[in-house]
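S.K.: As they're listed, the protein sequences go chains A and B.
Heads up, the first sequence is in the numbering used here, so the first residue is 8 and it goes up one at a time.
Heads up, the second sequence is in the numbering used here, so the first residue is 397 and it goes up one at a time.
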Amino acid sequence: MATTIKVNGVDRTVEVDGDTPLLWVLRDVLGMTGTKFGCGMALCGACTVHVNGAATRSCVTPVDSIGTSEITTIEAIGATAAGAKIQKAWLDREVVQCGYCQSGQIMSASALLASNPHPTDSDIDDAMSGNICRCGTYVRIREAIKQAAQPSGQGG
Amino acid sequence: MILDHHLASRAAGPGRLPSVNGFSRRTFLQAGAAAGGGLVLSLSLRFANGDAEAADADAFAPNAFIGIERDGQIVLTMPYVEMGQGTYTSIPMLIAEELEVDLKQVRLEHAPPDEKLYANPLLGVQATGNSNAIRGAWQPLRQAGATARTMLVSAAAKRWNVDPASCQAQSGEVLHAPTGRSIKYGELAADAARMPAPENVALKRPEDFKLIGTPAKRLDTPAKVNGTAVFGIDVRPPGVKVATLAQSPVFGGRVKSVDDAAAKAVKGVRQIVRLDDAVAVVADHMGAAKKGLAALVIEWDDGPHAKLNTDAIVGELEQATRNSGAVAQNIGDVDKAMAGAVTKVEAIYQVPFLAHATMEPMNCTAHVRPDGCEIWVGSQALARVHAAAAKTAGLPLDKVVVHNHLIGGGFGRRLEADGVIRAVEIAKHVDGPVKIVWTREEDIQHDMYRPYWFDRLSAGLDAKGMPVAWSNRFAGSSVIARWLPPGFKDGLDPDTTEGAIDLVYDLPNLRVEYVRVEPPGIPTAFWRSVGPSHNVFVTESFIDELAAAAKQDPVAYRLALLDKTPRAKAVLALAAEKAGWGEPLPQRVGRGVSLQFVFATYMAHVAEVELAKDGTVRVRRVVCALDCGTVVNPDTVRAQVQSAIIFGITAALHGEITLKDGRVEQTNFDTYQILRMNEAPTIEVHIVQNSEPPGGMGEAGTSAIVPAVANAIFAATGKRLRKLPVDITALKQPV
């Protein structure tokens, strides 16, 4: 069955079963490997993308459930205001270690910042606790989100 | 540290001790011209020893290369891999410092697999582990940088016909201040390549360092925030298919029968590969492969371990500690001192099997053809997987090409070749390249696990409560015995006992024994902070018990035993001071301390925990003080400590792999929990500055945090936890 989805502003038509998780369509069919596989059960957040701006676990999102919704992935998040701020803060604060989970972390953090420009610690806990980082970069993720929330994107 | 010394001495030949400072330049470094006309320095990263010094120049076996290209780019070819620990930044810093170039001018390229060429000087094999990249590279890389700089200066001086002493290297060029002339390195490289390498070069003094000790930005970061970084799981050779697999749920079991009719009917499924002990579904994409796997009906012959439970393994370990073991360390006369002790304290400690649970699940891409084999993988031990792939494919080494990629978490898991062997076994049946991706469930249930260890301790205290006798006998698996058999000798290996012997404390009578017991039906492997992951928990919990038995403050009690180890004493005092040790805390909140010297780094932690009514433990603050000698990149040191602490808290609070009917009971992150953002403590890191040789940083924080948490729980509740992970039911608030 051919399904058309809009990824980073571009319509893409794929020939897969409708219940195929979006994650595998992105990674294996469209070759967009920035979105990562971690658990397959929405337990770790490595596969997070935005569906109409909302942080969504692509590993449990069937491709036929998307319809006309707009999908944004790590490859294009830098083009959004919140995404660009988050990426800059990630670099400034040297958040990354192995880096594998960071696509998902950045997608969750960008969605948080876009909907809540001044998140509290508790807001950060709520938005980010679905994303596991085995390297334990949480301390810096929290600092980086706070930096990105500053008017200048500095300090924090 | 002990492991390093042991293995280095093994590499140096039987009965010879390596000398860290005694480099012989003749056999360690050579200079020559590069194909493109640049300068190449070849390094042999080994410790000097009698054999090497006696050898002639023909025996020179370089294992790292520094190229200065005509465009001025410095290319470093090194055997270490980047897995988040910052090695790809801190290693180039060593070269850039002595060569007087900007860090951006240095590019680090990963060495191809070659055990002979690229062996880690401390491990003796090509591997990145045991926190030793910087420790191995520290001296030789700076020496090579200084040699190259001296040659470039000489080349410039010769061209200008001036005294080299009147020239100066600076920012990638040689300057002649009196005449205001300068030449870039790239333009001098070809001339320098024709000059003999100088015999003796002076290294910079620590006070002159410009880069070492400064927080350099990580070089691998930008690609990791925009989705372009390529991990092993991301490779897509043309025509690649994707496979996933089911391995025998019981280790040692076999496939009895497979009904694959429904799987084959799944859209996108191309092929089912049946192996002796596994079945793989090959498909156009992972979605189809997983759906196909779920549709398979596999009947297993569970084999000899069909009824194996964790309890049986623990029972065997418990029995083993009743008999004497190989003596790892013996000081004074423990039995006599124990007989004369005023108070005796006895305890049994246990730590569970643990999975690595790297965020990037196990995967490997392989293309096996009759005349060759190509592998794409992220590995900590490239030569090992190269050899394993060749053996499995039935091909000579030179017909096997291994491409290494970024590692989405190693922690010891990617020191093993099992995933590559599995991939080649499957790829032999597939026409074209195939990427084998393990599901998270396969990854957790077919890991190679941190061993279960069982420890029996006793101590005798004098009238003042100070320890006069210390006895520790423990049983468990030796990973070294399998992974590097020559490292296991006379019933002992240096990793399994690290952190249990050579304690920082002045203990007049001490005996430590180890009984090797390999559990049936569950493979074991290195796990972040290796031997100390277990030993430091036991030792630092037990010393805390002794302080409690002596009715003394845990910090004061330790300090009183540290007169002979001033660096240990200093980090403990610093951590206590910064943590506000002794300041009052609310009910159900406690502070715990730990102190260790492992991986050549001194480290003290103070953990602050609070307990909910139901016994749930939250670590809310950790203060770390450390002395790792010279700090190359302080930001990386802080990052590694933060990381290692979170890793250790995960283990202390949640980590446990258990077997029932031969099967690992945990499956995914719901049953094998990892610490999350809302559970993460604030972490403060205080670094003691000095110019001792650098110690390892990737693992120390993990072993140190576990006892600090357990000791804090004791301080908050009076409950001594001697078995991990923390059992919250024992910590419920009394009504």
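Even glycine gets a Cβ: it sits at the ideal position worked out from N, Cα and C.
Since this is a predicted model, take the numbers as computed values, not measurements.
Just checking my contact of V21 (chain A) with T42 (chain A) at CB under 8 Å: how many whole Å lie between their CB atoms?
M.R.: At roughly 15 Å, the Cβ-Cβ gap does not stay under 8 Å, so V21 (chain A) and T42 (chain A) are not in contact.
S.K.: Keeping to the same chain, check which residues put their C-beta closer than 7 Å to that of G432 (chain B); ignore five residues upstream and five downstream.
M.R.: E465 and R466
S.K.: Could you work out which residue in A:I93, A:S110, A:I78 and A:S129 is closest to T40 (chain A) when comparing CA atoms only?
M.R.: Checking every option, the nearest Cα to that of T40 (chain A) belongs to A:S110.
S.K.: Give a yes or no on whether the C-beta atoms belonging to A813 (chain B) and A762 (chain B) are separated by under 7 Å.
M.R.: no
S.K.: Terminal residues of the continuous alpha helix (DSSP H) containing R538 (chain B)?
M.R.: A529 to W556
S.K.: When Cβ atoms are compared, which residues of the segment 838 to 850 of chain B fall closer than 7 Å to chain A?
M.R.: none
S.K.: Is the CB of P126 (chain A) under 7 Å away from at least one CB in chain B?
M.R.: no
S.K.: In the segment 1011 to 1079 of chain B, which residue ranges form an unbroken alpha helix (DSSP H) of at least 4 residues, counting only runs that do not cross its ends?
M.R.: 1030 to 1049
S.K.: Would T1137 (chain B) and V833 (chain B) qualify as a contact pair, given that the criterion is a beta-carbon distance under 7 Å?
M.R.: Given that chain B is displayed from residue 397 to residue 1131, the structure contains no residue 1137 (chain B) and the question cannot be resolved.
S.K.: For the segment 104 to 117 of chain A, list every residue whose C-beta sits within 7 Å of some C-beta in chain B, in sequence order.
M.R.: Flagged, chain order: Q104, C105, G106, Y107, C108, Q109, S110 and I113.
S.K.: Counting Cβ pairs, one atom from each stretch, are 3 or more of them under 8 Å apart for the segment 962 to 972 of chain B and the segment 922 to 942 of chain B?
M.R.: no
S.K.: Flag this pair as yes or no: are the beta carbons of A593 (chain B) and L435 (chain B) separated by less than 7 Å?
M.R.: no
S.K.: Determine the direct distance from the alpha carbon of G1097 (chain B) to that of D1106 (chain B), and round the result to whole angstroms.
M.R.: For clarity, residue 1106 (chain B) is Ala in the given sequence; the question names Asp instead. A1106 (chain B) and G1097 (chain B): Cα-Cα distance of roughly 15 Å.
S.K.: Check the DSSP bridge columns for N726 (chain B) and list the partner residues they point to.
M.R.: B:R907
S.K.: Which residues of chain A have a Cβ atom closer than 9 Å to the Cβ of R836 (chain B), listed in chain order?
M.R.: F44, G45, C46, G47, M48, L50 and C51
S.K.: Please compile the residues from chain B whose C-beta is within a distance smaller than 7 Å of the C-beta of S7 (chain A).
M.R.: Absent from the structure is residue 7 (chain A), since the part of chain A shown begins at 8 and ends at 163.
S.K.: Tell me, please, whether the CB atom of R100 (chain A) is closer than 7 Å to any CB atom in chain B?
M.R.: no
S.K.: When you compare only the Cα positions, how much space is there between C105 (chain A) and G861 (chain B)?
M.R.: 46 Å
S.K.: Given that a residue counts as buried once 16 or more other Cβ atoms are within 10 Å of its Cβ, and exposed if not, what is G856 (chain B)?
M.R.: The residue is buried, with at least 16 neighbouring Cβ atoms inside 10 Å.
S.K.: Does any C-beta atom of chain B lie closer than 7 Å to the C-beta of Q94 (chain A)?
M.R.: yes
S.K.: Tell me where the beta strand (DSSP E) around T483 (chain B) begins and ends.
M.R.: T483 (chain B) -> not in any beta strand (DSSP E); alpha helix (DSSP H) instead, spanning T483 to L495.
S.K.: Applying the 10 Å Cβ sphere with the 16-neighbour rule, what's the burial state of E595 (chain B)?
M.R.: exposed
S.K.: Which chain B residues sit within Cβ distance under 7 Å of R141 (chain A)?
M.R.: A753, T754, M755, G805 and I1070
S.K.: Taking only runs of the alpha helix (DSSP H) that begin and end inside the segment 849 to 881 of chain B, which ones reach a length of at least 4 residues, in chain order?
M.R.: Taken in chain order, the whole alpha helix (DSSP H) runs of length 4 or more contained in the segment 849 to 881 of chain B are 875 to 879.
S.K.: Please report whether the beta-carbon of M1073 (chain B) lies at a distance below 7 Å from any beta-carbon of chain A.
M.R.: yes
S.K.: Quick one: residues in its chain with C-beta nearer than 8 Å to the C-beta of D128 (chain A), no 5 flanking neighbours on either side, listed in chain order?
M.R.: R149
S.K.: Exposed or buried, N726 (chain B), counting other C-beta atoms within 10 Å across all chains shown (16 or more means buried)?
M.R.: N726 (chain B) comes out exposed.
S.K.: Taking 7 Å as the threshold (C-beta atoms), are V665 (chain B) and G688 (chain B) in contact?
M.R.: yes
S.K.: For the segment 662 to 678 of chain B, list every residue whose C-beta sits within 7 Å of some C-beta in chain A, in sequence order.
M.R.: Against chain A - using a Cβ distance shorter than 7 Å - the residues of the segment 662 to 678 of chain B are K663 and G664.
S.K.: Taking only beta-carbon positions, decide if V638 (chain B) is within less than 7 Å of chain A.
M.R.: Output row for V638 (chain B): interface = yes.
S.K.: Name the DSSP bridge partner or partners of S136 (chain A)?
M.R.: DSSP output for S136 (chain A) lists no bridge partner at all.
S.K.: Let me know the secondary structure DSSP gives K947 (chain B) once reduced to three states.
M.R.: DSSP places K947 (chain B) in coil when its eight states are reduced to three.
S.K.: Determine the direct distance from the alpha carbon of D891 (chain B) to that of G808 (chain B), and round the result to whole angstroms.
M.R.: Each residue's Cα considered, the two are about 13 Å apart.
S.K.: How big is the Cα-Cα spacing for V477 (chain B) and V710 (chain B)?
M.R.: 36 Å
S.K.: Counting beta carbon pairs with one atom in the segment 772 to 784 of chain B and one in the segment 61 to 77 of chain A, are three or more of them shorter than 8 Å?
M.R.: no
S.K.: How many whole angstroms separate the CB atoms of K637 (chain B) and V826 (chain B), which I take to be in contact at a CB cut-off of 8 Å?
M.R.: 7 Å
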